[in-house]
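Visitor:
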Amino acid sequence: MRIISGSCRGRKLVAPNGRDTRPTSDRVRESIFNIISQEVAGARVLDLFAGTGALGMEALSRNARSALFVDKSQEACAIIKKNISLCRLEESSTVLCHDITQQVLPSWATREKFDLVFMDPPYGLGLIDTVLGSGAFMDILADDALIVAEQSLRENPIQPISTLDIRDQRKYGKTLITFLTLNLSCERD
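Per our numbering, the very first residue in the sequence shown carries number 1027; after that it's consecutive.
1. Are the Cβ atoms of A1135 and L1151 separated by less than 8 angstroms?
2. Just list the residues that DSSP pairs A1093 with in beta bridges.
3. How is I1184 classed by DSSP in three states: helix, strand or coil?
4. State the Cα-Cα distance for the pair D1073 and S1133, rounded to the nearest angstrom.
5. Would you be able to state if there are at least three C-beta pairs under 8 angstroms between the segment 1162-1178 and the segment 1087-1104?
6. Could you tell me if D1194 is buried or exposed, where buried requires 16 or more neighbouring beta carbons within 10 angstroms of its beta carbon?
7. In the DSSP assignment, what are the bridge partners of L1206?
8. Which residues does DSSP list as the beta-bridge partners of Y1198?
9. Note the first and the last residue of the continuous alpha helix (DSSP H) segment covering V1054.
10. Pick out whichever of S1087, S1188 and I1106 has its Cα sitting closest to the Cα of S1063.
11. Going by beta carbon distance, what residues of the same chain come within less than 8 angstroms of S1118, once the five residues before and after it are set aside?
12. Which residues does DSSP list as the beta-bridge partners of L1086?
13. What first and last residue would you give for the alpha helix (DSSP H) that runs through D1155?
14. Would you report the Cα separation of G1068 and Q1129, rounded to the nearest angstrom?
15. Beta-carbon within less than 6 angstroms of P1042's beta-carbon, same chain only, minus the 5 sequence neighbours each way: which residues are those?
16. Can you tell me the Cα-Cα spacing of N1209 and D1169, whole angstroms?
17. Give the straight-line distance between the Cα atoms of R1114 and D1191, rounded to the nearest whole angstrom.
18. Do you know how far the Cα of I1030 is from the Cα of V1157?
19. Taking DSSP's pairing of strands, which residues face R1028 in a bridge?
20. Look at T1201 and S1178 and say whether their C-beta atoms are less than 8 angstroms apart.
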């Protein structure tokens, strides 16, 4: 696993042993960033269920302004910090060990709204729907925010909800990537 493009291109990332973390493959990550390339520079990134932090670090390597990496696993948070150090991205990165499905982010982390959100939770647990269904989560998004959600093809695909529109969906092997934007015609709470 490596950073594909930008200032950290070619840097190898550390991945934890075992099956608790399933990093997005280089091929899928490259496809995602080819699709969203115009929306990365200057973005404030939120990498949820961050695992190794590869998605957020890829965005930083491609000139995102900052990234907040969130994972509930202490081991994953330690791996993310190590990868941030390997890529020398400390100044633009923050790691938060936190369970986003239980509580929205602390207020210090949401002073500015997020432009780009990556969600790559463990498959089969319905965690994307849990987070997207939270009104508090919608409140931390910029009006032009883009959400990129990864799930297994075996799961029920993400369905449009009143506050979000599906912009695109792509299949890569056994993986489904959904690109969502805010529906600005709906009022947010």
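Ideal placement from N, C-alpha and C gives every residue a C-beta, glycine not left out.
These figures come from a predicted structure and were not determined experimentally.
Guide: Reading off the structure:
1. Taking the first residue of the sequence shown as position 1, residue 1135 is located at position 109. Taking the first residue of the sequence shown as position 1, residue 1151 is located at position 125. The beta carbons of A1135 and L1151 sit no closer together than 8 angstroms.
2. Walking along the sequence shown from the start, residue 1093 turns up at place 67. Partner(s): V1071 and S1119.
3. Locating residue 1184 in the sequence shown gives position 158, where the first residue counts as 1. Coil, per DSSP.
4. The residue labelled residue 1073 in the question sits at position 47 within the sequence shown. The residue labelled residue 1133 in the question sits at position 107 within the sequence shown. Each residue's alpha carbon lies about 17 angstroms from the other.
5. No, the segment 1087-1104 is not in contact with the segment 1162-1178.
6. Here residue 1194 is taken as the residue at index 168 of the sequence shown, counted from 1. D1194 is exposed by the Cβ-count criterion.
7. For the purposes of this step, residue 1206 is taken as the residue at position 180 of the sequence shown. Looking at the DSSP assignment, L1206 forms a beta bridge with I1173 and I1192.
8. To locate residue 1198, count along the sequence shown from 1; it is residue 172. T1201.
9. Locating residue 1054 in the sequence shown gives position 28, counting from the first residue. Looking at the DSSP string, the run of the alpha helix (DSSP H) that includes V1054 is D1052 to I1062.
10. Here residue 1063 refers to the residue found at position 37 when the sequence shown is read from its first residue. Among S1087, S1188 and I1106, the Cα nearest to that of S1063 is on S1087.
11. Residue numbering aside, residue 1118 sits at position 92 when the sequence shown is read from its first letter. Excluding positions up to five away in sequence, the list reads L1086, A1090, R1091, S1092 and A1093.
12. Stepping through the sequence shown from its first residue, residue 1086 is reached at position 60. L1086 pairs with nothing; no bridge assigned.
13. Here residue 1155 is taken as the residue at index 129 of the sequence shown, counted from 1. First-last of the alpha helix (DSSP H) with D1155: L1153 to L1158.
14. Within the sequence shown, the letter at position 42 stands for residue 1068. Within the sequence shown, the letter at position 103 stands for residue 1129. If I take the Cα positions, the gap works out to 27 angstroms.
15. Against the sequence shown, residue 1042 aligns to sequence position 16. Cβ within range, chain order: E1101 and I1105.
16. Taking the first residue of the sequence shown as 1, we reach residue 1209 at position 183. Taking the first residue of the sequence shown as 1, we reach residue 1169 at position 143. For N1209 and D1169, the distance between alpha carbons rounds to 9 angstroms.
17. Your numbering for residue 1114 matches position 88 in the sequence shown. Your numbering for residue 1191 matches position 165 in the sequence shown. Distance between R1114 and D1191, taken at the CA atoms: about 35 angstroms.
18. Here residue 1157 corresponds to residue number 131 of the sequence shown, with the count starting at 1. Here residue 1030 corresponds to residue number 4 of the sequence shown, with the count starting at 1. Computed Cα separation, rounded: 28 angstroms.
19. One-based indexing of the sequence shown puts residue 1028 at position 2. Beta-bridge partners assigned by DSSP to R1028: K1038.
20. Residue numbering aside, residue 1201 sits at position 175 when the sequence shown is read from its first letter. Residue numbering aside, residue 1178 sits at position 152 when the sequence shown is read from its first letter. Yes, the pair counts as a contact, with Cβ atoms nearer than the cut-off.
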